[in-house]
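Here's the structure we're looking at; comments come further down.
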Amino acid sequence: MDKPTLYLLIPLLPLFGAIVAGLFGRFVGRAGAHWVTILGVAAACVGSFYVLYDQLNGGEAYNGNVYTWLTVDGIDVSVGFLVDKLTAMMMVVVTFVSLMVHIYTIGYMEEDPGYQRFFSYISLFTFSMLMLVMANNFVQLFFGWEAVGLVSYLLIGFWFKRPTAIFANLKAFLVNRVGDFGFLLGIGLVLAHFGSFYYADVFASAPAMKDATISLFPGVQWSLLSVACILLFIGAMGKSAQFPLHVWLPDSMEGPTPISALIHAATMVTAGIFMVARMSPLFELSDTALNFIMIIGSITALFMGFLGIIQNDIKRVVAYSTLSQLGYMTVALGASAYSVAVFHLMTHAFFKALLFLAAGAVIMAMHHDQDIRRMGGLKKYMPTIYWTSLFGSLALIGTPFLSGFYSKDSIILAVGASQLPAAGWAYFAVLTGVFVTAFYSFRMFFLVFHGEERFGKVDEHHGHDEHHADDDHHHGLAPGEKPHSPGLVVTGPLVALAIPSLVIGFIAIGPMLAGDFFKNVIFVNSEAHPAMEAVIHHAHDALGMGLHAFMTLPFWLALGGVVTAWFFYLKKPSIPAAIQAKTGALNTLLENKYYMDHLYIQGFATFGRKLGKVFWKAGDTVLIDGLIVNGAAKLVGVFAGLVRRVQTGYIYHYAFAMIIGALLLLTWWLGRFLITQ
Amino acid sequence: MSEHLLSLAIWVPIVAGLIVLATGGDSRAGWARVIALLGALLGFLVTIPLYTEFADLHGGMQFVEKMPWIPAFNINYHLGVDGLSMFFVILNAFTTLLVVIAGWEVIEKRVAQYMAAFLIMSGLINGAFAAMDAMLFYVFFEAMLVPLYLIVGVWGGQNRVYAAIKLFLYTLMGSLLLLVTFIYLYFQAGKTFEIAEFQRVALPLAVQGFMMIAFFFAFAVKVPMFPVHTWLPDAHVEAPTGGSMVLAAITLKLGAYGFLRFALPIAPDAAREWGWIIIALSLVAVVYIGLVALVQTDMKKLVAYSSISHMGFVTLGFYMFADGAPTTYGVEGALVQMISHGFVSAAMFFCIGVMYDRVHSRKIADYGGVANTMPKFAAFFLLFAMANSGLPATSGFVGEFMVIIGAVKVNFWYAFAAATTLIFGAAYTLWMYKRVIFGEVANEHVAELKDVNLREFAVLAVLAVTVLGMGLYPQAFTEKMHTSVDTLITQVKHSKLP
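Dropping the structure here:
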């Protein structure tokens, strides 16, 4: 099989699985649906590993088209693939996590009537995500971008009877559309000034456009690349849930947990990070855009971490943690450390997917009660989940030698070395974030797995009344009931994800950051943006970097976070409540998520509806229909009424009118005659 | 045969319609249906060679037929299509076929007359798209109103007479101005009604301005553009499902086609001078109408307003000029949008019809949780809702994408306003979808719903395949347009001032 055929088969096999499971789900049955999709994704995963192997062993980067989608004004838009090391790495991450999630789903969705539909959606997602990362042009990127958005919409609303789920999926779609609005305009600007949709053409001519300006307001000249890059980044802000377009991600937890792991942690939400890294030749030329990115990223990294502290829903803690980590990746992008951002993307994909799937296993064991205040002491009931969760959490907080350590410490190093004006604030944010991350991660870990067993108690505020509509699930353990450890289809993927969470950082940091893995793929202007130099200096020696860490601030901040969590939630559980009581205003602010949802719902959604109503009632109904259309009809009516009076039917009236008319004509004619004489 | 393809496209449906009419009362409704289906099918089949035998690189009119009609005034039966009009003849025949199937058992009274009205209207519309003689165009353009008026007025809802009269009067006003313009051009062009000759006449700017106004009133009402759009929601609400499908898919296109065939090439300097007014009105259509659509409580009204908003892209595409001429992106994008809207809006109205036939309500509030009882239907409806929101890989994306991308080049703020459709289009469509399809079963009507039958499934599946097909391979459409669009752009570029 030649390579282009392989590249084509890798996305098409999951698509085939999705079509079979989706359209013929009833004929193939449950087992048929999961076999066809799992085999499709497994084949894609094997293929992706082969592509990565090939790229690592000197395989040429491939850039070719499959078919011409559209030709307009002499410019081609094709469906085509660009396969280089960045693509290959993303393909492996996407297909591997997807495969794990597929297998896990067999256990998680066992009792769900929408079993085939679910497998169809996650395979369709895998196809869409692969199209996104393999694109060689902006239009296909946008196709993948919107397609993953569609599947995300379908999966968040998978339990379409739940009012909260169908609110969340609409919200996610619309907030993403706000991002896409900027993204599409950015693509338009690129085309208008570069004259091509292909990455290769655009990147090649980018340096020549460095000083190009455009005038959006009369008399004001802005750098073209800054405007275009910021517009493109707005797309990334939607997809990768950056402040202030982050509001959809916590609500997306309404979807089944496997997709929270796959879509809303490991892969789709990192599409924005991937996109910016892919377009490094453009972003590298605009310091304005990089500063903007760094500020947005650092706000997300820190302030979303704060929200993770006060959440009590197990999935929402992990969701805010994801937001915060996405912020870290974005900060790295802003510091021109694209390879570091992608590196963190990869390590995060493994340990965050692991944490979500572990949370899902806990939720199953708790009979779909997600409140961590009603868990505790689960360690002895589910040891595999316990240990894998521990490894995931340790990786997340940046424990030396684990994967998250290498990627997160590299981010901190890069930001510290960045010369951009925004770097000072960003450095503070990412450092503080280390403590916050460690604190909320282990707060959750201790509340779930350690301490007294708080489940199985009759509890008057036995929550989740918002889920009462869903009769597919029962909630919470009955008194005296004990949680069960899940089966192999659930623990298997967890173990498979725990291994890379532990070791991938140690293995990959050398080649990815210090080596030439991303040579000719990611472009950094190291004279203007020297941040990578600092990272490379450490990344050469993974072992040394790990040992050195014990003497650096981030390690002690992380340790401090864990110890504080232990002290607050295991040693003296009365402290958190006391703090909460003392910091009323702050607590309210956090409880209300900085009032961002209020702003959007009261401010935009309600305002839009009111405006629409005004336009409709005042514009269409009163002004156009009432005044003009019916007014014109009335005018005709009035005029006709006047004319009608003349037509009385009496001959002498008509005769009179005729005589008057004849007289007038005569006078006029006589008058003219006299004047001309 | 092939030299009379256009005549066949016009007269096969009309003759079939007359035969159907001859079957008479509802006692022979079965016959009426079968003959109508055969007529529509034949009418569709004869249009297929227009695509397969179309010469892509031939810039001018193809499949030309010409014979004298009223020699005293030099009026000819002169037909032909180019890359601007060919697709609409096919789209029209295609939609007619779907409409006959859509009305199969739903229409119970005056079946023969119903089917006949659609068939005859289909032939007349083909005539308008294929006419190369202005007077022939005018006759078809006006005659088409009669069956449309009857469809709304006879098979419509409770308020059908008001809607029918509103529709008729609204469109009539513009038509009179159009006739006057044609007669003026007849004398200016040396006593001929050839559209090609009209396009060559040199005209002072003031005269072009008046013509632009006349064309605006004739065609903007049909498109419809803001602010002459208010007849459309009323007409849709009262029309039967088939009427709405044809109205949205075809009739609106006739207005847009008028801009392309008459207004732009005959008054190009006026377009350069005052085109910004059309652009402003188009952008108002996208934003203002998008917001109005958001608050509709009646599904048909919502989709009607969404049509107006989508057609805003068409007029925007025509009139956004760069270097004194329309852009390829704009014109081709607008044409693609017109074709796509034909599929998507027909599908949306059909979906609403499927629900209306069962529950007899178009109110969003009367539904909720339809996915529980009609899962297959919900899947189809989702596809069309996504196409209506402009999702890539559906046809709805292509035209909007081309127009927005092209607009960035012309003026960033045009693109900015137009791109808000990404948000508004998704908001009004998916919010409606959420309230109608998702959720718990809302009432006993929804609980009793039966999923789509074979006939409905067939219509939905055919539309789904076309919507996806056009989204995945729009080149099949645009490659037939390139040469004609280039010709048009060159034509408009040249000043016609004397």
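From first to last, the protein sequence lines stand for chains A and B.
Be aware that the first sequence starts at 1, since it is given in my numbering, and climbs by one per residue.
Be aware that the second sequence starts at 1, since it is given in my numbering, and climbs by one per residue.
All residues carry an ideal CB built from backbone N, CA and C; glycine is no exception.
Residue i (DSSP reduced to helix, strand or coil)
i      : result
A/Q325 : helix
A/Y595 : helix
B/G333 : helix
A/I135 : In the sequence as displayed, the identity of residue 135 of chain A is Ala instead of Ile. Strand at A/A135.
A/G377 : coil
B/K493 : helix
A/T213 : strand
B/V46  : coil
A/Y50  : helix
B/M67  : strand
B/A131 : strand
A/D541 : coil
A/E460 : Per-residue confidence for A/E460 stands at a pLDDT of 47, beneath the threshold of 50, marking its modelled position as unreliable; no derived number is given.
B/D56  : coil
A/D625 : helix
B/D451 : coil
A/M100 : helix
A/N587 : helix
A/P479 : coil
A/D465 : Any reading at A/D465 needs caution, since the residue's pLDDT is 43, under 50, leaving its predicted position unreliable; the model's value is listed next. Helix, per DSSP.
A/G246 : According to the sequence as given, residue 246 of chain A is His; it is not Gly. Reduced to three states, the DSSP call for A/H246 is coil.
A/Q55  : helix
Those residues which DSSP pairs with residue i across a bridge
i      : result
B/A93  : Partner(s): none; B/A93 has no beta bridge.
B/V81  : B/Q62
B/A325 : B/A322
A/Y198 : A/N137
B/I75  : B/I70
A/D371 : A/D313
B/D298 : B/K363
Residue i - containing alpha helix (DSSP H), residue span
i      : result
A/P4   : 3 to 23
A/Y600 : Unbroken run through A/Y600: none, as it is neither H nor E.
A/G64  : No alpha helix (DSSP H) holds A/G64; the beta strand (DSSP E) holding it covers 62 to 72.
B/Y473 : B/Y473 -> no alpha helix (DSSP H), and no H or E assigned at all.
B/K109 : Where B/K109 is concerned, there is no enclosing alpha helix (DSSP H), given that its DSSP letter is neither H nor E.
A/S339 : 338 to 365
A/V489 : 488 to 509
A/I579 : 574 to 582
B/E440 : Unbroken run through B/E440: none, as it is neither H nor E.
A/S441 : 423 to 449
A/G114 : Per DSSP, A/G114 belongs to no alpha helix (DSSP H) and is neither H nor E.
B/G243 : 241 to 246
B/K480 : Careful: B/K480 lies outside any alpha helix (DSSP H) and carries neither H nor E.
A/M275 : 271 to 278
A/K634 : 630 to 646
A/D409 : 403 to 417
A/T564 : 553 to 566
The beta strand (DSSP E) enclosing residue i, as first and last residue numbers
i      : result
A/I75  : 75 to 83
A/V175 : Note, A/V175: premise wrong, no beta strand (DSSP E); alpha helix (DSSP H) at 163 to 194.
A/Q221 : 220 to 223
Residues, ordered as in the chain, of the stretch 426 to 438 of chain B that lie near chain A by beta-carbon distance below 7 Å:
For the stretch 426 to 438 of chain B, which is checked against every Cβ of chain A, the residues closer than 7 Å are A426, A427, L430, W431, K434, F438.
> What residues in the stretch 146 to 175 of chain A bring their beta carbon closer than 9 Å to a beta carbon of chain B?
Replying inline: Cβ contacts with chain B: E146, A147, G149, L150, Y153, L154, G157, F160, K161, R162, P163, A165, I166, F167, N169, L170, F173, L174.
Going residue by residue through the stretch 355 to 409 of chain B, where are the continuous alpha helix (DSSP H) segments of at least 4 residues, counting only ones entirely within it? Considered as a whole, the stretch 355 to 409 of chain B harbours 370 to 373, 375 to 388 as its complete alpha helix (DSSP H) runs of no fewer than 4 residues, in chain order.
Exercise for the section: Check each residue of the stretch 605 to 620 of chain A: if its Cβ is closer than 8 Å to any Cβ of chain B, include it; give the result in chain order. Expected result: Taking 8 Å as the Cβ-Cβ cut-off, the stretch 605 to 620 of chain A approaches chain B at G608, R609, L611, G612, K613, F615, W616, G619, D620, given in chain order.
* For the stretch 302 to 325 of chain B, enumerate the residues whose C-beta is nearer than 9 Å to any C-beta of chain A, in chain order. => Residues of the stretch 302 to 325 of chain B with a C-beta atom less than 9 Å from some C-beta of chain A are Y305, listed in chain order.
* Unbroken stretches of the alpha helix (DSSP H), 4 residues or longer, contained in the stretch 188 to 236 of chain B -> Within the stretch 188 to 236 of chain B, the complete alpha helix (DSSP H) segments at least 4 residues long are 195 to 198, 205 to 215, listed from N- to C-terminus.
For this session: May I ask you to list, following chain order, the residues of the stretch 264 to 296 of chain B that have a beta carbon less than 9 Å from some beta carbon of chain A?
Result: Residues of the stretch 264 to 296 of chain B with a C-beta atom less than 9 Å from some C-beta of chain A are Y288, I289, G290, L291, V292, A293, L294, V295, Q296, listed in chain order.
Inset, instruction - Pull out every residue of the stretch 54 to 72 of chain A whose Cβ sits closer than 7 Å to any Cβ of chain B, in chain order. - result: Listed by position along the chain: T68, W69, L70, T71, V72.
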